Amino acid sequence: MTTEDVLDEFRGAGALRTGHFILASGRHSPMFLQKNLVFQFPDRTARLCKALAEKIEAEVGKPDVIVAPAVGAIIPGYETARWLGVPSLYVEREEGRFRLRRAFKIAPGAKVVVVEDVITTGGSFKEAVEPIVEAGGEVIACACIVDRSGGKAQVGFPLVALATVDVPSFAPDEIPADLAAIPAEEPGSKRLKG
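FYI, the UniProt record's numbering numbers position 163 of the sequence shown as 163, with every residue one higher than the one before it.
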């Protein structure tokens with residue numbers, strides 16, 4: 001599956017939005033990939049996650065488990081794990097920090113791939129890795145449906161991206177005047193209480 005194929009799935013679901021958006025990273029962007037609009041369709045989700053599972057296996061081998069940061073990555077994490085034939089766990093925020101909860105366990109030495117939906121800076125990956133390492137898991141890669149950093153995100157592990165696009169994003173004090181003139185939306189899930 002090519003980057004254009006991935007973006008076509010987003011376009012087909014009405015999930016490729018333009019305007020002024022505040023991303024989970026706190027950066028501002030003129031484009032937002034509203035992934036929940038894609039993941040509401042099982043057929044689109046299956047196509048994307050099957051392709052991601054195949055790419056993970058080709059690039060880093062088959063993991064023992066997939067871990068996804070809640071909330072937004074639970075669906076692609078689960079579906080990718082299904083195609084790989086491995087368990088799917090997720091980490092949730094508790095007191096501002098990702099933790100393994102709900103009796104989820106990672107066996108010491110288990111090979112783990114962290115699956116995200118869309119990344120900009122890789123910040124959620126870095127946070128999600130902490131409880132995995134604390135549990136004794138071995139993170140072998142981070143994977144995502146779309147890397148919107150153009151390949152610049154630094155996650156500290158091999159990054160397996162189904163699609164890589166270079167979408168501009170700006171620090172709050174560097175927003176261009178034309179973007180600043182548009183009212184900002186904050187559509188992500190990072191700030192949800194959990």
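For glycine and all other residues, C-beta sits at the position ideal for the given N, C-alpha and C.
For clarity, every value in this text was computed on a predicted model and none was experimentally measured.
Three-state secondary structure (DSSP) of Val133: Position 133 of the sequence shown, counted from the first residue, corresponds to residue 133. In the structure shown, Val133 falls within a helical segment according to DSSP collapsed to helix, strand and coil.
Taking only three categories from DSSP, how would you classify Lys152? The sequence position of residue 152 within the sequence shown is 152, counting from 1. Assigned with DSSP and collapsed to three states, Lys152 falls in coil, not helix or strand.
Please name the residue, chosen from Asp147, Val112 and Leu48, that lies closest to Glu138 on a Cα-to-Cα basis. Counting from 1 along the sequence shown, the entry for residue 138 is found at position 138. The shortest Cα separation from Glu138 among Asp147, Val112 and Leu48 belongs to Val112.
Just the C-alpha distance for Ala13 and Val155, rounded to the nearest angstrom, thanks. Translated into the one-based positions of the sequence shown, residue 13 becomes position 13. Translated into the one-based positions of the sequence shown, residue 155 becomes position 155. Each residue's CA atom was taken as its position, placing Ala13 and Val155 some 28 angstroms apart.
Test item: CB-CB of residue 211 and Gly123 under 8 angstroms: In the structure as shown, the chain begins at 1 and stops at 194. Residue 211 is therefore absent and cannot be evaluated.
Note down the Cα distance separating Pro108 from Val146, rounded to an integer number of angstroms. Here residue 108 refers to the residue found at position 108 of the sequence shown. Here residue 146 refers to the residue found at position 146 of the sequence shown. Pro108 and Val146 have their C-alpha atoms roughly 30 angstroms apart.
Please name the residue or residues paired with Ile119 in a DSSP beta bridge. Counted from its first residue, the sequence shown places residue 119 at position 119. Looking at the DSSP assignment, Ile119 forms a beta bridge with Asp147.
Put Val38 into one of helix, strand or coil per three-state DSSP. In the sequence shown, the residue the question calls residue 38 occupies position 38. In the three-state scheme derived from DSSP, where H, G and I count as helix and E and B as strand, Val38 is classed as helix.
N-terminal and C-terminal residue of the alpha helix (DSSP H) that Phe10 is part of: Residue 10 sits at position 10 when you count from the first residue of the sequence shown. Counting along the chain, the alpha helix (DSSP H) containing Phe10 begins and ends at Thr3 to Gly12.
Rounding to the nearest angstrom, what Cα-Cα distance links Val129 and Ala163 in this structure? To locate residue 129, count along the sequence shown from 1; it is residue 129. To locate residue 163, count along the sequence shown from 1; it is residue 163. Going by the C-alpha atoms only, they are around 22 angstroms apart.
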